[in-house]
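Have a look at the structure below before the remarks.
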Amino acid sequence: MDLLKGNLKKIYFKYLFASFGSALIVSVYSLVDCVMVGQYEGPNGVAALATVAPVWNIIYSLGLLFGIGGSVLMSAAKGAGDERRGNSFYTMAFIGVTAAALFSWLGIIFFQDALLRLFGADDLLLGLAGKYLFWIKFVAPLFVFGQFLAAFIRNDNAPATATMAVMAGGVFNIIGDYIFVFVCDMGISGAGLATALGQVLSIFILCSHFLSKKCRLRFERPVGFGHMTRQIVITGFSTFFIDIAMGILSMMFNNQIMRYSGSSALAVYGVIINVNTLVQACAYGVGQAAQPIISMNYGAGMEDRIRKTLRFSLITVAVLSVLWTALTMSLPEPLIRLFMSPTPEVLSIAPDIMRKYFISFLLLTYNIYSTYYFQAIMKPKASLAVSVLRGMVVSGLLIYTLPVLFGAEALWFAMPITELVIAVMVAVLMRRYNKSLEALS
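For the sequence shown, the numbering used here begins at -11 and goes up steadily by one.
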């Protein structure tokens, strides 16, 4: 596919189907785990996985930091005709992600209990969460590399390979969950084993790209080690922070829920996290589909193709927002029953909690997509501002002040209000930067 001259609509939808499937299946890892564990262990199992969720956010975000940051710069350089510089960014990003993978691995091995307690686990949940992470610890770096490699392979004109890798791992995880959790009677530990083995399979398929004749990824000696690292980190930081923010938000919500409402409400939030991850994955899919196209055309100064890709993306985002909001608002009780065998208390409080939170889905996909768009047109500061304000500043302020001012039930409105505030800011920034694209022509 020629990203600079090919039929833009066909290219966009080919990338969309590939990246959408890839991003969506990643969320299936945690979703299927939660369903199986909830059915086997009950609400405590779901609550335990809610305390593990921030660990996943940290792992995935490190892969995205160097994967998205490096691949955006690589595509822009190659779009401008500088193949060697593009591969230098790949090399530098690879060095960075290797260090990050090792760092996160050591953190999980040596500080597991401290991290889980920080993320809201009590003594009961700590034991269950530890059983789940037992197998994950053996292959933790592979989850970082999975995100990294998928980003670069998509930008190397092979989105189908990235999708195939993630889908194969996801399918294995689904089958493995049932076998290990129920057939082998391993419970929550079996879910961890299935997830770990699924990621091993994904990595094998991703690495097959390097044996392909179409692979243009080459190690090239970086020029300006510190400068290139800084560029990669600045460009990728907003995407990194989106996933880190999910971990931060989960930690804040977990602690506030335990403070004001108790473990039954935390079990409901465990379901919300998984549904939210699925919706957010859809936004990732749209962003990851558009980013290689926009980055390449930005490097080549193709303003019209950037605007058309943006238009396709925003239509996709609008459709997804309406569908997800309508679906989740109408099915709170079936969603709870899907993830666990609920207690009467959980069943009584879940619909109201979930409907309040799910209002945020109307604007979530738009706000997440905007960070990819700003990255692709080389506006990392705008992308970072959206990520930080949405993921920590505005949301954090509301999570801690709403219950104090209006009572415990107000906590669930924190994200709908946050998404509304950020959406207004995104619209202003997008309008401003779209005008500046005229200078490319």
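We put the CB at the ideal spot given by N, CA and C, even for glycine.
- Taken through DSSP and simplified to helix, strand or coil, Ala68 comes out as coil.
- Looking at Arg247, Leu130, Pro320, the one whose alpha-carbon comes closest to that of Gly395 is Arg247.
- Straight through space, the alpha carbons of Ala150 and Ala138 are spaced by roughly 5 Å.
- The Cβ neighbour count for Phe198, taken over all protein chains shown within 10 Å, is under 16; the residue is labelled exposed.
- Selection Ala87, Gln244, Gly74 evaluated against Asp144 yields Gly74 as nearest (Cα-Cα).
- Each of Leu181, Asn422, His215 was checked against the Cα of Leu61, and the nearest Cα belongs to His215.
- Lys369 sits in a helix when the DSSP states are folded into three classes.
- Sorting Ile282, Leu385, Tyr357 by C-alpha distance to the C-alpha of Lys(-3) places Ile282 at the top.
- Sequence-distant Cβ neighbours of Trp93 in its own chain, meaning closer than 6 Å and more than five residues away, are Ala128, Pro129.
- Following the DSSP letters along the chain, one finds Tyr166 in no alpha helix (DSSP H), marked with neither H nor E.
- Put simply, the segment 311 to 319 does not touch the segment 172 to 185. Fewer than three CB pairs are less than 8 Å apart.
- Residues of the same chain with a CB within less than 8 Å of the CB of Asp231, apart from the 5 flanking positions on each side, are Asn45, Ile46, Tyr48, Ser49, Leu52 in chain order.
- With a threshold of 16 other beta carbon atoms within 10 Å, Ile324 meets it and is buried.
- Closest by C-alpha distance to Phe126, out of Ala81, Val188, Phe168, is Val188.
- Taken through DSSP and simplified to helix, strand or coil, Thr39 comes out as helix.
- Counting C-beta atoms within 10 angstroms of its own C-beta, Leu121 has 16 or more neighbours from the protein chains shown and is therefore classed as buried.
- Of the candidates Thr79, Met403, Ala87, Met403 places its Cα closest to the Cα of Ile261.
- 9 Å or more divides the Cβ of Pro210 from the Cβ of Thr331.
- Per DSSP, the continuous alpha helix (DSSP H) segment holding Glu407 begins and ends at 402 to 424.
- Judged by their CB atoms, Ala278 and Tyr354 are not nearer to each other than the 9 Å cut-off.
- Taking Ile337 as the centre and dropping the five residues before and after it, the same chain places the C-beta of Ser252, Ala253, Val256 closer than 7 Å to its C-beta, in chain order.
- The C-alpha of Ser7 is placed about 19 Å away from the C-alpha of Leu311.
- Judged by DSSP secondary structure, Ala233 falls within the alpha helix (DSSP H) whose first and last residues are 213 to 248.
- The segment 20 to 27 makes contact with the segment 164 to 179: 3 or more CB pairs, one atom from each, lie closer than 8 Å.
- By the 16-neighbour rule on beta-carbons within 10 angstroms, Ala271 is buried.
- Non-local C-beta neighbours of Tyr28 in its own chain, meaning closer than 6 Å and more than five positions away in sequence, comprise Val169, Gly175, ordered along the chain.
- Looking at the backbone, the Cα of Met413 and that of Met155 are separated by about 35 Å.
- For Met24, the three-state secondary structure derived from DSSP is helix.
- Only residues of its own chain outside the window of five on either side were considered, and among them Ser348, Leu351, Leu352, Asn355 have a CB closer than 7 Å to the CB of Glu407, listed in chain order.
- Cβ-Cβ distances below 6 Å link Phe207 to Thr79 in the same chain, with the five nearest sequence neighbours on each side left out; the list follows chain order.
- With contacts defined by Cβ atoms closer than 9 Å, Asp101 and Leu114 form a contacting pair.
- Annotation: the continuous alpha helix (DSSP H) that includes Lys119 extends over 111 to 143.
- Less than 9 Å divides the Cβ of Ala41 from the Cβ of Thr265.
- Taking C-beta atoms under 8 Å as the contact rule, Met366 and Tyr286 qualify, at a distance of about 7 Å.
- The C-alpha of Val171 lies about 31 Å from the C-alpha of Arg105.
- Phe1 sits in a helix when the DSSP states are folded into three classes.
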